[in-house]
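Number of protein chains: 2
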Amino acid sequence: MTDLAALKRDLDGIPMEDNPVLVKQKSRDFFWYSPVLKRRLDHVTGDLVVSPRDRDEVIRVVRACFAHGVPITPRGAGTGNYGQAMPLSGGVVLNLAEMNKVVEIRPGVVVAEAGAIMEKIDQETRAQSGQELRLHPSTYRTATIGGFVAGGSGGIGSIRWGGLRDLGNVIRVEVVTCEAEPRVLQLTGADVAKVVHAYGTNGIVTAVEMPLAPAYDWVDAVVAFDDFLAAAAFADALGNQDGILLKNLAVIAAPLPYDYFLRHRRFLRRDQSTVLVMVAPFAVEAFAAFTRRFKAADVVYRSDLATEEERKGLPPVYELAWNHTTLRGLRVDPSITYLQVLYPFPHQLERVAAVTKLFGDEVPGHLEFVRFDGKITCFGLPVVRYTSEERLEEIMRLHDAEGCPIFNPHRYTLEEGGMKQTDAVQLAFKREADPNGLLNPGKMIAWEDPDYDFGAEKLYLFPGLERTE
Amino acid sequence: MTDLAALKRDLDGIPMEDNPVLVKQKSRDFFWYSPVLKRRLDHVTGDLVVSPRDRDEVIRVVRACFAHGVPITPRGAGTGNYGQAMPLSGGVVLNLAEMNKVVEIRPGVVVAEAGAIMEKIDQETRAQSGQELRLHPSTYRTATIGGFVAGGSGGIGSIRWGGLRDLGNVIRVEVVTCEAEPRVLQLTGADVAKVVHAYGTNGIVTAVEMPLAPAYDWVDAVVAFDDFLAAAAFADALGNQDGILLKNLAVIAAPLPYDYFLRHRRFLRRDQSTVLVMVAPFAVEAFAAFTRRFKAADVVYRSDLATEEERKGLPPVYELAWNHTTLRGLRVDPSITYLQVLYPFPHQLERVAAVTKLFGDEVPGHLEFVRFDGKITCFGLPVVRYTSEERLEEIMRLHDAEGCPIFNPHRYTLEEGGMKQTDAVQLAFKREADPNGLLNPGKMIAWEDPDYDFGAEKLYLFPGLERTE
């Protein structure tokens, strides 16, 4: 850090924090889900947290940082899991949480500032027009929309809409470039892919325009099975029911539901695997009719049938799903960790069966059914009973060998995480938007290493931008 | 007909019509799409049209007909294509068009009387809550909701929601049974399948509860290709884009668009095949970005970019699709007819290529992309340049031999049409709801023929009701 005092003077009037304890707090996310990242990133901290209140203040911050050569790491609520918003080279942590206004709501569309919390956005869109966001992470109540777009991939709603990778799930992103004279870009169409899930490495997301879906009073259901694979088969079939509107569809292998979902424990036996469902209220009869076809299915909980007494203190099922499954597990057993797996269509159930057989209780299954390239299949967020980094690597290699690609959540770079493919187009955009490489340094290998080969034959969740059919 | 005069006395006060010309008009549908049905059904007429104004009047009509042993054929707007509502044994044509009230609208749900016209329902649900029906036929502006449920299968919206065959796409059906003392049944869950697409053979549909989707100002787009199979591949890929909200996705082979879509002709060359798209306004940028990946795609029309002058007189694209393609064809060339084909996933594009190669311009292709059992695939409604019934039968056999099941639109029975599988459950329900077989006689073979074997290994669009996984 060259001259922190001079930078602060340039930012006079913009809220700042330099108390090292508080700065370190704002320099972290949920990286500690991974024992590997915990070891590597625990020391990371910025030098200064700056909290602009509008886009003009963002531009002032960027201009000053550019002049002083100070790195900028943009940050929402810090709910990422791979150190997305951790300032590897120190400098300014750009806290966008104060930019939290919902700017516009119209049929199918909301425009919000980057720091708006997703649950808050939905409260406004619900009240005004009976609409809600298509997609949100399990950290709905704390995560910001900008953080989700810049560092997330999908979650609740992906059973219906796919993920952020899909055209149409982000309509527009407003970004501020990191240049002597910062520009404001409005990216639409295929161009949004330049900054979606790019961790803010090539532009500071200041506002987003997102598609909305109708808001319903989703019914939570928990369906228990004695057999994990039977639960998976049920979920797969349910996900393929075109007329039954779902918002989430997860399968958690025994004994995780009983061991980790403490408030739901009273509905469960320890040897039961569960299917967690969010279903539209007007689809509940159809869901029940479908479920009755499966003799092994035991509907142990339905929020629309539960008494007030039963519902009391229960988290919504979306807070049992996705990374909240892992979070609840870590609270009970801090020694566990997790993986991110794709079980590719059309062999998802066979692949799940194969890895279940291979690892048993060392890697208890957690499936999240989603639409992926138009088909219903599942991601896995299996729990790993962690012993060593070597064994973790081996477990990942074995998944790959079984035809189940891993998106490695134990890496903090875009490319090694396997979610974001960089290519010449992506890199050219970074050169244009961040010529001095000040934005979230250390996260994009292709930038740091001019010889980086991005032609590798690997499945990326967000493929490169050079596409023609 | 035993005693028409006595029946009329019993129905005193309920609107009736016995002028033979008018009765014959109300005894017909679009059966003449088929030269086969035209020959077989052209003479069909009822004896009396009765137009009850509420459910109590329906019950009075049924009670009287039951007492006199008079057949009852329920009817909506007569927009079916297989003689669904044609009174093969004469008797009463029960015209439900006067029962056309929208009873209730709430989030995700509308309740309407059977005779409500679908466009009218949407006008009310749009005005009140920004919602619209998930599914409608291309005869949206004239068809009734009860007729759609009792005689239809899907259509506009099926790319998103599948068809009426799918659990959840009909929430509840109210039916009046045909007994000495008629009962009113409320069928929900899996039970709706007893009467959906059963042509009113086992209960008179008096009201329905249907799921709603958000209403948008859908953008019409026409994308032209020099090659029909390239158009099909584009549409298949577009249908698999999870984030791009579509309402319809059809492909029409050259030279049909130029020859039949007279008002759109000015946008087209005769050798161009077209993809017809209804896309949400907020998804247009994503749709355009996706389309740009296909070098062969030529967007010749977009309603959101067209001038008022260009839009003038153009029908909406949903009136170029589904059975409106055939209708427009018949207006230009009355000698054509059509088929109904399924190209099963995952080989839909190969199957389309195979039949295209086999028949060439004798059977120009018309594909309607839909969700079917959770996957995107396509139905076909190909035009057939008709020469003889024998050749038509042969064309159907050849489709079957290529792995493309036919739902024969040249048959008026449920079973031969191939849409509705009857089984013991279905038959038991008919015995209960229509013990004397007075409802729409002649349409259910299993009823007429006690030795009918419904175990046949054939694909039915609406499978039988004895299902357990």
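Those protein sequence lines, which keep their order, are chains S and H. The opening residue of the first sequence carries number 8 in this note's numbering; numbering runs sequentially from there. The opening residue of the second sequence carries number 8 in this note's numbering; numbering runs sequentially from there. For glycine and all other residues, C-beta sits at the position ideal for the given N, C-alpha and C. Quick caveat, the model's predicted, so the values are computed rather than measured.
Q | Continuous beta strand (DSSP E) assignments of at least 3 residues falling wholly in the stretch 20-62 of chain S | A | 55-57
Q.
With three or more beta-carbon pairs closer than 8 Å as the criterion, would you say the stretch 407-419 of chain H touches the stretch 176-187 of chain H?
A. no
**Q.** Backbone secondary structure at residue 220/S - three-state DSSP
**A.** For the purposes of this step, residue 220/S is taken as the residue at position 213 of the first sequence. Note: residue 220/S maps to strand in three-state DSSP.
Q | Within chain S, partners of residue 178/H - CB distance below 9 Å | A | Translated into the one-based positions of the second sequence, residue 178/H becomes position 171. Simply 289, 290, 292, 293.
Q. Rounded to the nearest angstrom, how far is the Cβ of residue 153/S from that of residue 83/S, given a contact under 8 Å?
A. Within the first sequence, residue 153/S is the residue found at index 146, counting from 1. Within the first sequence, residue 83/S is the residue found at index 76, counting from 1. Indeed, because the Cβ distance is near 5 Å, the residues count as touching under 8 Å.
Q: Taking only runs that begin and end inside the stretch 355-429 of chain S, name each unbroken beta strand (DSSP E) of 3 or more residues, in chain order.
A: 373-379, 382-387, 390-392
Q) Taking any Cβ of chain H, which residues in the stretch 184-197 of chain S have a Cβ under 8 Å from it, in chain order? A) 195, 196, 197
**Q.** Length of the line joining the Cα atoms of residue 58/S and residue 101/S
**A.** Here residue 58/S corresponds to residue number 51 of the first sequence, with the count starting at 1. Here residue 101/S corresponds to residue number 94 of the first sequence, with the count starting at 1. Straight-line Cα distance between these residues: approximately 6 Å.
Q) Excluding sequence positions up to five away, which residues of its chain have a Cβ less than 8 Å from the Cβ of residue 377/H? A) On the second sequence, residue 377/H is found 370 positions in, with the first residue counted as 1. Hits under 8 Å: 161, 165, 166, 169, 170, 383, 384, 385, 386.
Q: Return the CA-CA distance between residue 390/H and residue 172/S, expressed in angstroms with no decimal places.
A: The count along the second sequence starts at 1 and reaches residue 390/H at position 383. The count along the first sequence starts at 1 and reaches residue 172/S at position 165. Those two C-alpha atoms are separated by around 38 Å.
Q) Between the stretch 365-376 of chain S and the stretch 411-420 of chain S, do three or more beta carbon pairs fall short of 8 Å? A) no
Q. What do you get for residue 188/H, buried or exposed, if any count of 16 or more other CB atoms within 10 angstroms of its CB means buried?
A. Within the second sequence, the letter at position 181 stands for residue 188/H. By the 10 Å Cβ count, residue 188/H comes out exposed.
Q. Would you report the Cα separation of residue 276/S and residue 265/S, rounded to the nearest angstrom?
A. Position 269 of the first sequence holds residue 276/S. Position 258 of the first sequence holds residue 265/S. If you take the alpha carbons of residue 276/S and residue 265/S, they lie about 7 Å apart.
Q) So, helix, strand or coil for residue 135/H, using DSSP? A) On the second sequence, position 128 is the one that residue 135/H refers to. Three-state result, residue 135/H: helix.
Q) Under the three-state reduction of DSSP, which class applies to residue 331/H: helix, strand or coil? A) What you label residue 331/H is simply residue 324 of the second sequence in a count that begins at 1. Helix.
Q: Using a cut-off of 7 Å between C-beta atoms, extract the partners of residue 382/S located in chain H.
A: Counting from 1 along the first sequence, the entry for residue 382/S is found at position 375. Going along chain H in sequence order, the residues near residue 382/S (Cβ under 7 Å) are 382.
Q: Alpha carbon to alpha carbon, how far is residue 452/H from residue 459/H? Give it in angstroms, no decimals.
A: For the purposes of this step, residue 459/H is identified with residue 452 of the second sequence, where counting begins at 1. For the purposes of this step, residue 452/H is identified with residue 445 of the second sequence, where counting begins at 1. Each residue's alpha carbon lies about 7 Å from the other.
Q: Determine the direct distance from the alpha carbon of residue 293/H to that of residue 396/H, and round the result to whole angstroms.
A: Stepping through the second sequence from its first residue, residue 396/H is reached at position 389. Stepping through the second sequence from its first residue, residue 293/H is reached at position 286. Going from the Cα of residue 396/H to the Cα of residue 293/H covers about 46 Å.
(Q) Please tell me whether residue 355/H has its Cβ less than 8 Å away from any Cβ of chain S. (A) Taking the second sequence and counting its residues from 1, the one referred to as residue 355/H is at position 348. Chain S contact via Cβ: absent.
Q.
Contact criterion: CB-CB distance below 8 Å. Does residue 223/H meet it with respect to chain S?
A. For the purposes of this step, residue 223/H is taken as the residue at position 216 of the second sequence. Residue 223/H counts as touching chain S.
(Q) So, with DSSP's three-state summary, where would you put residue 270/S? (A) Looking up residue 270/S in the first sequence gives position 263. Residue 270/S: coil per DSSP, three-state reduction.
**Q.** Within 8 Å, strictly: CB atoms of residue 282/H and residue 235/H
**A.** For the purposes of this step, residue 282/H is identified with residue 275 of the second sequence, where counting begins at 1. For the purposes of this step, residue 235/H is identified with residue 228 of the second sequence, where counting begins at 1. No.
Q. Roughly how far, in whole angstroms, is the beta-carbon of residue 48/S from the beta-carbon of residue 325/S, given that I think they are within contact range, below 8 Å?
A. Reading the first sequence from its first residue, position 41 is the one you call residue 48/S. Reading the first sequence from its first residue, position 318 is the one you call residue 325/S. Not confirmed; about 27 Å, so no contact.
Q: Assign residue 26/H to one of two classes, buried (16 or more other C-beta atoms within 10 Å of its C-beta) or exposed (fewer than that).
A: Numbered from its first residue, the second sequence carries residue 26/H at position 19. Exposed, because fewer than 16 other Cβ atoms sit within 10 Å of the Cβ of residue 26/H.
Q. Are residue 220/S and residue 138/S touching if we call contact CB-CB under 8 Å?
A. Here residue 220/S refers to the residue found at position 213 when the first sequence is read from its first residue. Here residue 138/S refers to the residue found at position 131 when the first sequence is read from its first residue. Yes; because the gap between Cβ atoms is below 8 Å, this pair is in contact.
**Q.** Alpha carbon of residue 333/S to alpha carbon of residue 388/S, nearest angstrom
**A.** One-based indexing of the first sequence puts residue 333/S at position 326. One-based indexing of the first sequence puts residue 388/S at position 381. Cα to Cα, the separation comes out at about 8 Å.
Q. Going by Cα to Cα distance, which pick from 89/S, 305/S, 248/S, 245/S is closest to residue 423/S?
A. Within the first sequence, numbered from 1, the residue matching residue 423/S stands at position 416. Residue 89/S is the option with its Cα nearest to residue 423/S.
Q) Below 8 Å between beta carbons: does that hold for residue 52/H and residue 447/H? A) Position 45 of the second sequence, counted from the start, is the residue given in the question as residue 52/H. Position 440 of the second sequence, counted from the start, is the residue given in the question as residue 447/H. Against a cut-off of 8 Å, the Cβ pair of residue 447/H and residue 52/H comes out as no contact.
(Q) If we define contact as Cβ-Cβ less than 8 Å, is residue 81/H a contact residue for chain S? (A) Translated into positions along the second sequence, residue 81/H becomes position 74. By this cut-off, residue 81/H is not an interface position.
**Q.** Same chain, Cβ closer than 7 Å to residue 122/H, five either side skipped, listed in chain order
**A.** On the second sequence, position 115 is the one that residue 122/H refers to. Around residue 122/H: 83, 103, 104, 105, 106, 107, 151, 153.
Q. Is the distance from the Cβ of residue 323/H to the Cβ of residue 227/H below 8 Å?
A. As a working mapping, residue 323/H is identified with position 316 in the second sequence. As a working mapping, residue 227/H is identified with position 220 in the second sequence. Yes; because the gap between Cβ atoms is below 8 Å, this pair is in contact.
**Q.** Counterpart residues of residue 257/H in DSSP-defined beta bridges
**A.** Here residue 257/H refers to the residue found at position 250 when the second sequence is read from its first residue. Partner(s): 283/H, 375/H.
**Q.** Secondary structure of residue 251/S, DSSP reduced to three states
**A.** Taking the first sequence and counting its residues from 1, one reaches residue 251/S at position 244. Residue 251/S: coil per DSSP, three-state reduction.
Q.
Counting only Cβ pairs nearer than 7 Å, list the residues of chain H close to residue 296/S.
A. Taking the first residue of the first sequence as 1, we reach residue 296/S at position 289. By Cβ distance, chain H contributes 174, 196, 197.
Q: Please report how far the alpha carbon of residue 63/H lies from the alpha carbon of residue 415/H, in whole angstroms.
A: Along the second sequence, read from residue 1 onward, the residue named residue 63/H stands at position 56. Along the second sequence, read from residue 1 onward, the residue named residue 415/H stands at position 408. Near 37 Å, if we compare the C-alpha coordinates of residue 415/H and residue 63/H.
Q.
By the DSSP assignment, the alpha helix (DSSP H) with residue 155/S in it spans what residues?
A. The residue given as residue 155/S occupies position 148 in the first sequence. That run of the alpha helix (DSSP H) goes 152-158.
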